[in-house]
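Trainee: In the UniProt record's numbering, the protein residues as written are 1 to 484.
Even for Gly, the Cβ is constructed at its ideal location relative to N, Cα and C.
The structure is given below, and queries will be raised subsequently.
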Ligand code: NAD
Ligand code: 6OD
């Protein structure tokens, strides 16, 4: 059986305790994952601390930039290995992972290598009573050892989205990947060694949350800052843990994202974009659309077109080029998503398409498959319109007026993302300005420039990362005042 090790101080570390990793495709056992206990987390934090005080801490920015670029090249060199590992853990289509997950894994190092080369700083001259004056300048220092707690939906992409800027800023990291997706984080350890990354800069500890590696990292007094992506409830627990020692947190959390489709939109583009925002990665994207508001004159046509799109999605194995939809991540998540399918039916939803478990051939029948699903006929108060489901499903509702749809889109505890589809530029600006979310896409979805601020409002997040905004979290400013 494939063994997935921790990666501590440049070494692959086995432990006595382990857990099983099952394939989402067919529930077959695919790997044994070595679970880090307190001792391994202590060792990882100690290695990360020592690296800060070692060659890594003494490197110039230019030397760090060269290493980050080498990591990006190293990921690209082993592209097929990363692709195979990511698809094995998640079951997602290769066509998706090869266009998004793996390239972004490399880009997250390249982009922050570029950002760190041109960091702006402050400089102030001041008068002093003796007339000689003084100069002030601010320098950025790494915050220290950063704990990185990751989810399972875009494992390499979301882990490197944190590790790239953290290392660019001169920090060291202790990464806790999701228990569902351990492989690519350990594989990145091989790349770190191949490119000559100093020992202890990048560490990986495997395990779960409470009572396991996740808790041990977030409560560890040697961890100076914690960056997290995952569910809102988990983020809140981590924020509590971080309060011990008053450590900073960056939290990227859940969503219940609306799409707003005006009658004047480019209809085909709106359908294509909404198909992706609802069904990409089997609906397991934090930025995905779970509520679609469609202006009444095009409502029926829109529902019909999205239904056709959903029914055209081929469910299948990652390596099959025709596969448009993979399974959910796990049996547990399948049970959660199906509980919403049942709830929708019990609440009287019109099931436009899907709503159950597909017939899959052979062993795939044991996998975490659900049908792509569209509902109408429920209102904004229903749990289907309010709670994050994180599956390949959406509720479509009609609207009649701009003010009305803005109010309804904002009527949620979350505030991550929104897509607006219209050809009216003034309206696009007006609506975007009033949406309570960290990201608004107009006539697009998941179009990402990594220099832009990324993060959620309300219960969807605390803080912004991306470009120079990541520097705000991963560095501390120190002012130096020089009396002349
Ligand atoms: P999760 O919160 O269950 O787990 C995330 C990570 O936290 C895992 O590594 C888990 O082991 C760890 N963890 C759990 N409890 C912990 C604790 N008490 N202390 C320390 N670590 C703990 O999330 P998930 O199910 O892996 O991911 C899906 C969720 O992530 C969805 O809610 C989705 O919206 C959200 N998400 C948000 C973003 C974003 O950018 N805002 C991106 C991706 C996913
Ligand atoms: O693109 C990104 O940088 C990012 N953080 C995406 C998050 C996707 C959520 O599932």
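Going by the CB atoms, is the gap between residue 215 and residue 261 shorter than 8 Å?
Mentor: No, the Cβ-Cβ distance between residue 261 and residue 215 is not below 8 Å.
Trainee: Residue 138 to residue 300, Cα distance in whole Å?
Mentor: About 58 Å.
Trainee: Just the C-alpha distance for residue 421 and residue 263, rounded to the nearest angstrom, thanks.
Mentor: Distance between the alpha carbons of residue 421 and residue 263 is about 9 Å.
Trainee: Distance check for residue 315 and residue 357, CA to CA, integer angstroms please.
Mentor: Taking the straight line from one Cα to the other gives about 11 Å.
Trainee: Under 7 Å: does the beta carbon of residue 228 sit that close to some heavy atom of the ligand 6OD?
Mentor: No; taking the cut-off as 7 Å, the Cβ of residue 228 has no heavy atom of the ligand 6OD nearer than that.
Trainee: May I have all residues whose beta carbon comes closer than 6 Å to any heavy atom of the ligand 6OD, sorted in chain order?
Mentor: Spelled out in chain order, the answer is 153, 154, 158, 161, 285, 286, 287, 448 and 454.
Trainee: Is any heavy atom of the ligand NAD found at a distance shorter than 7 Å from the C-beta of residue 462?
Mentor: Residue 462 Cβ: outside cutoff for every heavy atom of the ligand NAD.
Trainee: Grab me the residues of residue 359's own chain with a C-beta within less than 8 Å of its C-beta, minus the 5 sequence neighbours each way, in chain order.
Mentor: Taken in chain order, the residues that qualify are 365.
Trainee: Taking the straight line between their C-alpha atoms, what separation do you get for residue 362 and residue 306?
Mentor: About 29 Å.
Trainee: Within the chosen definition, does the segment 96 to 115 reach the segment 2 to 11 through at least 3 CB pairs nearer than 8 Å?
Mentor: Cβ pair count under 8 Å is below three, so no.
Trainee: From residue 273 to residue 371, what does the alpha carbon distance come to, in whole angstroms?
Mentor: Computed Cα separation, rounded: 19 Å.
Trainee: Look up residue 297 in the DSSP assignment and say whether it is helix, strand or coil.
Mentor: The answer is helix: DSSP assigns residue 297 an H, G or I state.
Trainee: Can you name, in chain order, every residue of its own chain whose Cβ lies under 8 Å from the Cβ of residue 471, other than the five neighbours on each side?
Mentor: Contacts found: 115, 116, 119, 140, 165 and 169.
Trainee: When every heavy atom of the ligand NAD is checked, does at least one fall within less than 7 Å of the C-beta of residue 353?
Mentor: No, Cβ of residue 353 sits at least 7 Å from all heavy atoms of the ligand NAD.
Trainee: Whose C-beta lies closer than 7 Å to the C-beta of residue 313 among residues of the same chain, with five residues either side of it excluded?
Mentor: Closer than 7 Å at Cβ, skipping near neighbours: 279, 324, 325 and 372.
Trainee: Could you tell me whether the segment 18 to 35 touches the segment 173 to 190, using the rule of 3 or more Cβ pairs below 8 Å?
Mentor: Segments in contact, yes.
Trainee: Tell whether a beta-carbon distance below 8 Å holds between residue 40 and residue 61.
Mentor: Cβ distance not < 8 Å, so residue 40 and residue 61 don't count as in contact.
Trainee: Which word fits residue 242, buried or exposed, when buried means at least 16 other C-beta atoms lie within 10 angstroms of its C-beta?
Mentor: Classification of residue 242: buried, given that the 10 Å Cβ count is 16 or more.
Trainee: Can you find the residues in the same chain that come closer than 6 Å, C-beta to C-beta, to residue 230, ignoring five residues on each side of it along the sequence?
Mentor: Around residue 230: 151.
Trainee: Which of the three DSSP states, helix, strand or coil, is assigned to residue 462?
Mentor: In the structure shown, residue 462 sits in a strand (DSSP, three-state: E or B).
Trainee: Mapping the DSSP letters down to three states, classify residue 5 as helix, strand or coil.
Mentor: Coil at residue 5, not helix or strand.
Trainee: I'd like to confirm something about residue 178: is its beta-carbon nearer than 7 Å to some heavy atom of the ligand NAD, or not?
Mentor: Checking every heavy atom of the ligand NAD against the Cβ of residue 178, one is found closer than 7 Å.
Trainee: Thinking C-beta only, is residue 284 closer than 8 Å to residue 390?
Mentor: Contact: yes.
Trainee: Of the choices 142, 308 and 302, whose alpha-carbon is the least far from that of residue 265?
Mentor: Cα-wise, what sits closest to residue 265 is 302.
Trainee: Run through DSSP, which three-state label would residue 332 get?
Mentor: Helix at residue 332.
Trainee: Keeping to the same chain, check which residues put their C-beta closer than 7 Å to that of residue 484; ignore five residues upstream and five downstream.
Mentor: Cβ neighbours of residue 484 beyond the five flanking positions: 132, 133, 134 and 135.
Trainee: Run through DSSP, which three-state label would residue 99 get?
Mentor: Helix, per DSSP.
Trainee: Alpha carbon to alpha carbon, how far is residue 203 from residue 160?
Mentor: Rounded to the nearest angstrom, the two C-alpha atoms are 13 Å apart.
Trainee: What are the uninterrupted segments assigned as beta strand (DSSP E) that are 3 or more residues long and contained completely in the segment 200 to 264, given in chain order?
Mentor: 202 to 204, 225 to 229, 249 to 252 and 257 to 261, all fully within the segment 200 to 264.
Trainee: Opposite residue 11 in the DSSP bridges: which residues?
Mentor: DSSP, once it has assigned bridges, lists 8 as partnering residue 11.
Trainee: Using a Cβ-Cβ cutoff of less than 8 Å, which residues in the same chain neighbour residue 369 once the five nearest sequence positions on both sides are dropped?
Mentor: If we look at residue 369 and ignore the five residues flanking it on each side, its Cβ neighbours are 315, 327, 328, 334, 357, 358 and 360.
Trainee: How is residue 18 classed by DSSP in three states: helix, strand or coil?
Mentor: Of the three classes helix, strand and coil, the one that applies to residue 18 here is strand, per DSSP.
Trainee: In the DSSP assignment, find the unbroken beta strand (DSSP E) run with residue 496 in it and report its ends.
Mentor: With the chain represented from 1 up to 484, any question about residue 496 goes unanswered, as that position is not in the structure.
Trainee: When the distance is taken between beta carbons, is residue 201 closer than 8 Å to residue 226?
Mentor: The answer is no: Cβ separation not under 8 Å.
Trainee: Considering only the beta carbon of each residue, do residue 493 and residue 145 sit closer than 8 Å?
Mentor: Only positions 1 to 484 of the chain appear in the structure, and residue 493 is not among them; the question remains open.
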